Amino acid sequence: MGTQAQPEGEAVAANAGADNAAENRHEEVNAEAGQEGGEGAENGGENAAAEGQEQTEEKAKLKKPLSWEMKRIHEETNKRREAERRAQELEAELSRVRGGNGASQEQAEAGEQPSIDDIRRQTRDEIRREETQRQEAERRNAACNNVFEKGVAEIDDFVDARDTLVTAFGHEINARPEFLDAITDIDNGHQVFAELGRNPDEAERILSLSPVKMAMEIAKLGTKLSKPNTPAPKPVSKVPPPVNPLGGKPTEPNVLDDPDADQDKWSKEFLKRFSERQR
Numbered sequence: 012m013g014t015q016a017q018p019e020g021e022a023v024a025a026n027a028g029a030d031n032a033a034e035n036r037h038e039e040v041n042a043e044a045g046q047e048g049g050e051g052a053e054n055g056g057e058n059a060a061a062e063g064q065e066q067t068e069e070k071a072k073l074k075k076p077l078s079w080e081m082k083r084i085h086e087e088t089n090k091r092r093e094a095e096r097r098a099q100e101l102e103a104e105l106s107r108v109r110g111g112n113g114a115s116q117e118q119a120e121a122g123e124q125p126s127i128d129d130i131r132r133q134t135r136d137e138i139r140r141e142e143t144q145r146q147e148a149e150r151r152n153a154a155c156n157n158v159f160e161k162g163v164a165e166i167d168d169f170v171d172a173r174d175t176l177v178t179a180f181g182h183e184i185n186a187r188p189e190f191l192d193a194i195t196d197i198d199n200g201h202q203v204f205a206e207l208g209r210n211p212d213e214a215e216r217i218l219s220l221s222p223v224k225m226a227m228e229i230a231k232l233g234t235k236l237s238k239p240n241t242p243a244p245k246p247v248s249k250v251p252p253p254v255n256p257l258g259g260k261p262t263e264p265n266v267l268d269d270p271d272a273d274q275d276k277w278s279k280e281f282l283k284r285f286s287e288r289q290r
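Count along the sequence shown starting at 1, add 11, and that's the number in my numbering.
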């Protein structure tokens, strides 16, 4: 049996229906995707707002003024970095100096080996330099120990003051040996050391001075502390002193005003004065 041909109108209608169904399905998918995208955008906006708030809070915390301890930490960090840089420069300079004197440097630049005499001379110079540094370190340590012993023996809070000063400015003290030299050179260096431990601001000011001014300020403070505490003078009274009689016999007390006076004396005195008034 032959297959009947489908009418043209029905085929077009069927194709149109299929196209409409596909379009409707595509619109539903887009709508769902849009809804999900909207939710994602909303969640993303909330997350971004939360992150922005956290960043704002962190910035607000950073804008708060630093405490004295944090300021000291930053200063110590900067000074330590500067000291490391200077140490590297000094080490490079020392290596260059240890390379020999002018003659040996010229020999090294020319590719020549230093002679035995040059090596011996360099070795002797290095030994002398190290010995001088060792003796200087021993002298400074002995002087500091003497100051410490006198401070512990004479000052009650010396250990606490020493700990405060070393904790706050230990790095500066090690970097400025002239500070300890100036303190150990005066007789009452233990008093000066304890006083600076009680006054960190004054210690910081002195440590920032040049070596000459530092020694002058420490000597001035030592002179001030060595003076005994004299009591304050008594205030001068503004009341004039009593007038001394110019001469004559001292006046006797008035018998008439004395309730315990003898009756006979009182009567004689009364009559005497009465007679004088009648004249």
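Where a beta carbon is used, it is the ideal one built from N, C-alpha and C, also for glycine. Because the structure is a prediction, the values reported are computed rather than measured.
If you scan the stretch 132 to 189 from start to end, which runs of the alpha helix (DSSP H) of 4 or more residues do you find wholly inside it? Runs found: 169 to 186.
Are ARG292 and LEU218 closer than 9 Å when you measure CB to CB? Residue 292 lies beyond the residue range present for the chain, which begins at 12 and ends at 290; the question has no answer from this structure.
Close-in-space but distant-in-sequence residues of the same chain around CYS155 (CB under 7 Å, 5 per side omitted): Along the sequence shown, read from residue 1 onward, the residue named residue 155 stands at position 144. Scanning its chain for C-beta atoms nearer than 7 Å, with the 5 sequence neighbours on each side dropped, one finds around CYS155 the residues LEU191 and THR195, in chain order.
Taking only the alpha-carbon atoms, compute the straight-line gap between GLY56 and HIS85 and give it to the nearest angstrom. Locating residue 56 in the sequence shown gives position 45, where the first residue counts as 1. Locating residue 85 in the sequence shown gives position 74, where the first residue counts as 1. Below a pLDDT of 50, predicted positions are generally treated as unreliable, and GLY56, at 49, falls in that range; the measurement from the model is reported next regardless. Note on geometry: alpha-carbon atoms of GLY56 and HIS85 lie some 38 Å from one another.
With respect to the alpha helix (DSSP H) encompassing GLN202, which residues constitute its N-terminal and C-terminal limits? Along the sequence shown, read from residue 1 onward, the residue named residue 202 stands at position 191. Bounds of the alpha helix (DSSP H) holding GLN202 are 200 to 209.
Between the C-alpha atoms of ARG131 and ASN199, what's the straight-line distance to the nearest angstrom? Here residue 131 is taken as the residue at index 120 of the sequence shown, counted from 1. Here residue 199 is taken as the residue at index 188 of the sequence shown, counted from 1. A direct Cα-to-Cα measurement between ARG131 and ASN199 gives close to 46 Å.
Assign VAL163 to one of two classes, buried (16 or more other C-beta atoms within 10 Å of its C-beta) or exposed (fewer than that). Counted from its first residue, the sequence shown places residue 163 at position 152. Within 10 angstroms of the beta-carbon of VAL163 lie fewer than 16 other beta-carbons, which makes it exposed.
Can you tell me which of ARG139, ALA94 and GLU147 puts its alpha carbon nearest to the alpha carbon of HIS182? In the sequence shown, counting from the first residue as 1, residue 182 sits at position 171. The shortest C-alpha separation from HIS182 is found at ALA94.
Leaving out five residues on either side along the sequence, give the residues of the same chain with a beta carbon under 8 Å from the beta carbon of GLU21. Mapped onto the sequence shown, residue 21 falls at position 10. At GLU21, the pLDDT of 42 sits below 50, so the modelled position is not reliable and the matter cannot be decided from this model.
Our contact map puts ALA214 next to PHE180 with C-beta atoms below 8 Å; I'd like the distance itself, whole angstroms only. Working through the sequence shown from its first residue, we reach residue 214 at position 203. Working through the sequence shown from its first residue, we reach residue 180 at position 169. Indeed, because the Cβ distance is near 6 Å, the residues count as touching under 8 Å.
Counting C-beta neighbours from all protein chains within 10 Å, is the total for GLN124 16 or more, i.e. buried, or is it exposed? Stepping through the sequence shown from its first residue, residue 124 is reached at position 113. A residue is called buried when at least 16 other Cβ atoms come within 10 angstroms of its Cβ; GLN124 does not meet this threshold and is exposed.
Simplified DSSP assignment, three categories, for SER221: By one-based count along the sequence shown, residue 221 stands at place 210. Correct three-state label for SER221: coil.
Starting from the Cα of ARG209, find the closest Cα among ARG92, ARG150 and THR175 and give me that residue. Taking the sequence shown and counting its residues from 1, the one referred to as residue 209 is at position 198. Comparing C-alpha distances from ARG209 to each of ARG92, ARG150 and THR175 shows the shortest one belongs to THR175.
Can you have a look at LEU207 and say buried or exposed, based on whether 16 or more other CB atoms are within 10 angstroms of its CB? On the sequence shown, residue 207 is found 196 positions in, with the first residue counted as 1. Taking all protein chains shown into account, LEU207 has 16 or more neighbouring C-beta atoms within 10 Å of its C-beta and is therefore buried.
Please return the same chain residues whose Cβ sits closer than 8 Å to the Cβ of VAL177, not counting the five positions on each side in sequence. Start at 1 with the first residue of the sequence shown, and residue 177 comes out as number 166. Taken in chain order, the residues that qualify are ILE184.
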